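Protein chains in written order, with the numbering used here: chain E, 52 to 452; chain W, 37 to 239. Just so you know, even glycine gets a beta-carbon here, dropped at the ideal spot from N, CA and C. Quantities reported herein were computed from a predicted structural model and do not represent experimental measurements.
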Amino acid sequence: MGDMKVYFDHNATTPLHPEVKKEMIAAMEMFGNPSSMHAYGREARANVEASRKSVAEFIGATDEEIIFVGSGSEANNTVLSLFVCATNQCVGGCGMRSTIITTRIEHPCVLETAECLAHRGANVKYLDVDRYGKIDLDQLHGMLGDDVGLVSVMMANNEIGTLQDIEAITKMVHASGAYMHTDAVQAVGKVPVDVRQLGVDFLTISGHKIYGPKGVGALFVKKGVSYCPLIRGGHQERGRRAGTENTLGILGLGRAVEMRTLEMPEEHARMLRLKKALQEGIEAQIDDISINGHPTDSLAGTLNVSFEGVEGEAVLLYLDLEGIAVSTGSACASGSLDPSHVLMATGVDAERAHGSIRFSMGRESTMQEVDYLLDVLPRTIKRIRNMSTAYVKGGVHAASR
Amino acid sequence: MLQAGEWAYSETLKEHFMNPKNILQGENTDDFDGVGMEGNLQCGDQMMVVIKVDREKDVITDCQWKTYGCASAIASTSVLSEMVKGRTLDAAFNISPKEVAIELGGLPDNKIHCSVLGDKALRAAINDYYTRNGMTDRVKKEQVKVICQCMNVTDHDIEDAVLEGARTYLELQEHTKLGTVCGQCKDEAEVLLGKYKHIHFGV
């Protein structure tokens, strides 16, 4: 085949938006410390604050509610860690409310932090999800009580794209007196996010998922909500996140959300068209597949498909050889021995999880790319199935012993 | 700035992945003298090896395969199928995962367990040949010894755990649950841990 390159892994990371790149290159000479009072410092400070304003406006927050952090993972670690504090000084009443509720399909930075906090004495409860990846509001209702300090539910899932009804969840959580956090790293910039409408107390944003730079994120903390920094020892970010600001990164993040504001409305319908074409093409040309995730309440550019009888890493690497980048929920690709915890939580069996491929499209994705993928993918799957034991006559164990 | 293109795998492995040798076409294994299958789809790896044998010379003349698995699983079965052709049954039976890995130009640590199934499937195929041809005396069962009686953990389980990344007794316990009840097997398990670390990783 030709030199066609197809990047369908936007949920992993995105290329810099050309406008972001331009802005960052122009700002390369800016080196001042925003904490300094002289001209160099003031220039850096002005740019950091302009970005803060852009991010705040983008999600309907006020400037002082935005804390710049090093990543979405840092923001999530920060929020969860607030709720395990033996002194009870930082977050009022959290000594009494030491239970954290989250879901089984969160990003590892939430799940592993929750696990660590459980070791430190927190009581952690996990919400199940249905076959589409939606949490059960009745189960949440049953878990809520005066022992619960925080509920953390991701807005959009990175692997299957399923969206949760954060607004409804937040109302329930607040009615029980707990705080609400949502990891909106995959949602922000893809679906409209307004913190006032959602009502959340904490919300996580990452720069590199929305065509901004890596190594920068933002945490929204609602005004009046008690807070304690994860990284201490500096007055930066109003004492809420120590460490000299990543000025270039913050500048890039600010420009990235501005570009999202301009491009998002048009993009959504286009993404849906591409996804529909991709899904229908796969369904028409390849047997024994299943679609993972919610049929409608899902990110427009994310499609997760399980191909029976093939292992995901092999699919990923054969596609890579033809210039196509995707990701997989197979164990082999992750370096662990377990396949995707998200798919397993939706009740997908291990074999289908090993054979799952995530296609995540983005702002530059085109119908030509979908067509190229639909040309390469069927023969790739056919080729792998031809060498797979899964189709051996008489069932998989007929030949053994 | 470094350019893309460097795989996590060796060039030899990449070549065997791109152009796998000796894939069994179709499902029919009737023409073969021995069939062996190991692993299962739920774990993400399954390999089937089929062999033809020259009875006079006791030599494997053809070896084909099917594999459900990742790139290193596909490549390791492919390279194994090349290695065994022309070997005597005894020599083929003794091929170790390490030899397969060396032939492939090395494997990342977390991928070594993917190359363990091919040689197991080959041994199963050789034993199948012996059984079919009334040479049951030559069938070699792999010796399995239960080390941890409480949790029923064998020496093979320990070897698998080492291949999957366990390097310390604690990690071995995390992988196998060995020694988590009465703890009497600790000394024996540590000796085996050391042995398999040495065999597979030279440490």
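Query	Result
I'd like to know whether the C-beta of W/G232 is nearer than 8 Å to at least one C-beta of chain E.	According to the sequence as given, residue 232 of chain W is Tyr; it is not Gly. No, no contact with chain E.
My guess is that W/N163 and W/V175 are in contact by the Cβ rule of under 8 Å, so how many angstroms apart are they, rounded?	5 Å
Any residues in the region 77-101 of chain W with a beta carbon nearer than 9 Å to a beta carbon of chain E? Which ones, in chain order?	L77, Q78, C79, G80, D81, Q82, M83, M84, V86, W101
Which partner residues does E/D60 have in the DSSP bridge list?	E/S411
Are any of the Cβ atoms in chain E nearer than 8 Å to that of W/G105?	yes
Anything in chain W within Cβ reach of E/E362, meaning under 7 Å, just list it in chain order.	G80, Y104, G105, C106
Using a beta-carbon distance cut-off of less than 8 Å, what residues from the region 422-444 of chain E approach chain W?	N437, M438, S439, T440, A441, Y442, V443, K444
Closer than 7 Å: is that where the CB of E/P85 sits relative to any heavy atom of the ligand ADP?	Of ligands this structure carries none, so the ligand ADP is not represented either.
Assuming E/A175 and E/L195 form a contact by the criterion Cβ under 8 Å, report the distance between their Cβ atoms to the nearest whole angstrom.	Reading the sequence as shown, one finds Val at residue 175 of chain E and not Ala. Not a contact, Cβ separation roughly 14 Å.
What residues are listed by DSSP as bridge partners for W/C99?	W/I87
Compute the Euclidean distance between the alpha carbons of E/G445 and E/N343, then round it to the nearest angstrom.	Low confidence applies here, because E/G445 scores a pLDDT of 48, under 50, leaving its location unreliable; read the following figure in that light. Distance between the alpha carbons of E/G445 and E/N343: 28 Å.
Quick one: complete beta strand (DSSP E) runs, 3+ long, within the region 295-325 of chain E?	none
Would W/R203 pass as a contact of W/G70 if the rule is Cβ separation under 8 Å?	no
Rounded to whole angstroms, what is the Cα-Cα separation between W/V239 and W/T190?	22 Å
When the Cα of E/H345 is compared with those of E/N127, E/G92, E/C160, E/K185, which residue comes out closest?	E/K185
Let's see if you can read the secondary structure: which residues bound the alpha helix (DSSP H) around E/Y230?	Where E/Y230 is concerned, there is no enclosing alpha helix (DSSP H), although the beta strand (DSSP E) it sits in stretches over 230-234.
So what's E/T347 in DSSP terms, helix, strand or just coil?	coil
Exposed or buried, what is E/V421 when buried is set at 16 or more other beta-carbons lying within 10 Å of its beta-carbon?	buried
What's the C-alpha gap between W/K93 and E/D60?	53 Å
Quick one: using the 10 Å Cβ neighbour count with 16 as the cut-off for buried, is E/N62 buried or exposed?	buried
Quick one: residues in its chain with C-beta nearer than 7 Å to the C-beta of E/V447, no 5 flanking neighbours on either side, listed in chain order?	Only weak support exists for where E/V447 lies, its pLDDT of 42 falling under 50; the value from the coordinates is given anyway. Here the set comprises T440, A441.
Quick one, which of E/A112, E/R306, E/T397 has its alpha-carbon nearest E/E157's?	E/T397
Label W/L206 either buried or exposed according to how many other C-beta atoms from any shown protein chain fall within 10 Å of its C-beta, with 16 as the threshold for buried.	exposed
Using three-state DSSP, classify E/I156 as helix, strand or coil.	coil
Quick check: what's the CA-CA separation for E/H392 versus E/L201?	22 Å
If you pair each beta-carbon of the region 100-115 of chain W with each one of the region 73-83 of chain W, do three or more pairs fall below 8 Å?	yes
Between the C-alpha atoms of W/D66 and E/N437, what's the straight-line distance to the nearest angstrom?	18 Å
Just mark E/K241 as buried or exposed, buried being the case when its beta carbon has 16 or more other beta carbons within 10 Å.	buried
Is DSSP giving E/M194 helix, strand or coil here?	helix
Whole angstroms is fine: what's the gap from E/P159's alpha carbon to W/I194's?	28 Å
Need the endpoints of the beta strand (DSSP E) that E/N174 sits in, please.	174-178
Quick one: does W/N169 have its CB under 8 Å from some CB of chain E?	no
Please confirm whether E/N355 and E/E116 have their CB atoms less than 8 Å apart.	no
Could you check whether the region 212-229 of chain E touches the region 270-287 of chain E, counting it as contact only if at least three pairs of C-beta atoms, one from each stretch, sit closer than 8 Å?	no
Secondary structure at W/M119, three-state DSSP: helix, strand or coil?	helix
With DSSP run on the structure shown, which of helix, strand or coil describes E/A376?	strand
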